[in-house]
Amino acid sequence: MAGQEAERAQHPHIAPTQTGAGQCSGVPPTATTQAPTPASTFLKEAQVATPPPPNGGLKAWTQVLGAHFLFFNSWGIVNAFGVYQTYYQTAILADYNASDISWIGTFQAFLLVSFSLVAGPIFDRGYFRILLIVGMFLTVFGIMMNSISNRYWQVFLSQGLCVGLGTGCLFLPSVAIVATYFTTKRALAIGFVASGGSIGSLIYPIVFHCLEPRIGFPWATRVLGFIALGTLTVSILVLRTRLPAPTKMRAILDPQAFKNVPFILFSNGLFLAFAGLYVPIFYIIFFAEVRVHVNTDLSFYMLPILNAASVFGRIIPGLLADKYGSLELLVVCTIASAIIGYVGIVIKSLGSLIVYSIIYGFLSGAVVSLPSAVVATLAPSMQLIGTWMGMSFFFAALGILIGNPIAGSIIDVEKNHFGGGFVFSGTLVTAAAVLFVLTKGWKHAQKWREMKYSEEAAILKSDS
């Protein structure tokens, strides 16, 4: 056990971390965030040359603060798109339907998750600071360009493409750095880092919502850009890598993973789960206004309420996973998310919508935080955990990319028909739960066959 902890401490990228609509945890199974971390090489010289993690102290906790702001400006920005979805549909992009507009936010989230496959090898080669600087530039530049955008293609390029690539550069360092400074206090440190995504998804929408009616869309958006610039500057100033860069780049893909049945089942489950999970998150503000007839000022707060509940959903199940099993908890939370998703069909009052937002926020936070720990149990070796995680979460990224636009084409805002969107979401998440159950069953069967083989081998050995 001590040897495993030492190897994880020296090479944290092999045990990734995830946080919010998106984010992974440092050491399985205490995952607390919603996004994947690519693997690092496993060179032995780093273990010899580098002292053990400090597990505290000013420098270590300063790294936590810096990584917290990276999450704040990656998943925090992506999970705040719901407020833009509502604004665009009623203002500068009113001529476009909900499906067209949702492509902007889903493409942004897709790039955040999928770009880790590229950022991982870059990080492994020691170009950590370049990733931060490029990520900050693209994120802030994209937000500022969005402030002067008034056409669909302009918004897509600035907010969807530019900000998406920027947040993709920021996410990988945030989940790789902190684990190198902690072993005994890692869950606490990762929990604080992961909370940055939820806090960002609270602050960014509230600031935009309060400022837009007073100073207009351009300057309200620029204020968000200045917030990102200030907080990311803190990250660049304080974050420092602790381990020497390896001399070899790890592989992005492992072909053997596609021969592993539990991995295939689980990855397809992630695709379905993430395709359906974000539908209520993207459309909850518009649903509150059009279906529940809540005034604009109050309906907006459904998204912050949901995101606030997701903080606890990302942390609490991750801490319980050590005792009850990450895959088992994921199955329970996925089934519960599907049930609550269907409940959206019958919501007609503000009170029921608030309760729905709290419960769904908690459960969705759990569903996006637990998969990293599950993949760690599927990978055949420690050296492949990150690679397998990057591959499995690429499936999740594809789900995010197509789920919301399809739901947007199903929802008929003019006729006040949101039921189809909730059914679409609930059905996909239900199908994901089925695949997760099959993953658990296949793993159990594999374990039983291995035990039986071991017993037979022991009998043959004793007879000989």
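Position one of the sequence shown corresponds to residue 762 (the working numbering), numbered consecutively onward.
C-beta: ideal position from N, C-alpha, C; glycine also.
Here's the rule I'm using: 16 or more other beta-carbon atoms within 10 Å means buried, otherwise exposed. How should L1196 be labelled?
buried
In this structure, how does DSSP classify D1173 when only helix, strand and coil are distinguished?
strand
Is L1189 near A1036, with beta carbons less than 8 Å apart?
Cβ atoms of L1189 and A1036: closer than 8 Å.
In this structure, does DSSP put H1205 in helix, strand or coil?
helix
Who pairs with H1178 in a beta bridge, going by DSSP?
Paired residues: D1173.
Give me, in chain order, the residues of the same chain whose beta-carbon lies closer than 7 Å to that of F1019; leave out the 5 immediate sequence neighbours on both sides.
I1025
If you draw a straight line from the alpha carbon of R1060 to that of L972, how long is it in whole angstroms?
Reading off the sequence, residue 1060 comes out as Ser, not Arg. Distance between the alpha carbons of S1060 and L972 is about 16 Å.
Terminal residues of the continuous alpha helix (DSSP H) containing Y1039?
Taken as a continuous stretch (DSSP letters only), Y1039 belongs to no alpha helix (DSSP H), as it is neither H nor E.
Out of F1154, P812, Y848, which has the shortest C-alpha to C-alpha gap to T982?
When the alpha-carbon of T982 is set against those of F1154, P812, Y848, the nearest one is in Y848.
With H, G and I counted as helix, E and B as strand and the rest as coil, what does DSSP make of S1060?
helix
For N816, which of helix, strand or coil comes out of DSSP?
coil
To which residues of the same chain is I1163 closer than 8 Å at the C-beta, ignoring the five residues directly before and after it?
T867, A1036
Output the boundary residues of the alpha helix (DSSP H) element that contains D861.
859-875
Shortest alpha-carbon distance to L1124 belongs to which of K1208, A1034, L1014?
A1034
Secondary structure at N911, three-state DSSP: helix, strand or coil?
coil
Within 10 angstroms of its Cβ, does L873 collect 16 or more other Cβ (buried), or is it exposed?
Counting other Cβ atoms within 10 Å of its Cβ, L873 reaches 16 or more and is therefore classed as buried.
Taking 8 Å as the threshold (C-beta atoms), are A1157 and A1099 in contact?
no
Whether or not the region 834-846 and the region 1111-1127 are in contact is what I'm after, with contact meaning three or more pairs of Cβ atoms, one per stretch, closer than 8 Å; do they touch?
no
Just checking my contact of G961 with F832 at CB under 8 Å: how many whole Å lie between their CB atoms?
7 Å
Where do the ends of the alpha helix (DSSP H) carrying A1099 lie?
1087-1104
By a C-beta neighbour count over all protein chains shown, 10 Å radius and 16 as the cutoff for buried, is P1023 buried or exposed?
buried
With H, G and I counted as helix, E and B as strand and the rest as coil, what does DSSP make of S1142?
coil
Assuming S1087 and L1139 form a contact by the criterion Cβ under 8 Å, report the distance between their Cβ atoms to the nearest whole angstrom.
Contact flag wrong, Cβ pair sits at about 11 Å.
For H1054, name the three-state secondary structure that DSSP assigns.
coil
By how many angstroms is the C-alpha of Y1062 removed from the C-alpha of I1106?
20 Å
With H, G and I counted as helix, E and B as strand and the rest as coil, what does DSSP make of A796?
The pLDDT assigned to A796 is 42, lower than 50, so where the model puts this residue is not dependable; a value taken from the coordinates is nonetheless given after this. Looking at A796 - three-state DSSP - the assignment turns out to be coil, as it is neither helix nor strand.
Please report the straight-line C-alpha distance between N834 and V895, rounded to a whole angstrom.
13 Å
Using only the alpha-carbon positions, how far apart do E1089 and N911 sit?
Rounded to whole angstroms, E1089 to N911 spans 47 Å at the Cα level.
Tell me, please, whether the region 854-868 touches the region 977-992 by the rule of three or more beta-carbon pairs shorter than 8 Å.
no
Below 8 Å, can you find three or more Cβ-Cβ pairs linking the region 922-936 to the region 820-832?
yes
Please go through the same chain and pick out, in chain order, the residues whose beta-carbon is closer than 8 Å to the beta-carbon of V995, but skip the five residues on each side of it.
L826, G827, F830
Compute the distance between the beta-carbons of A989 and I909, then report whether it is under 8 Å.
no
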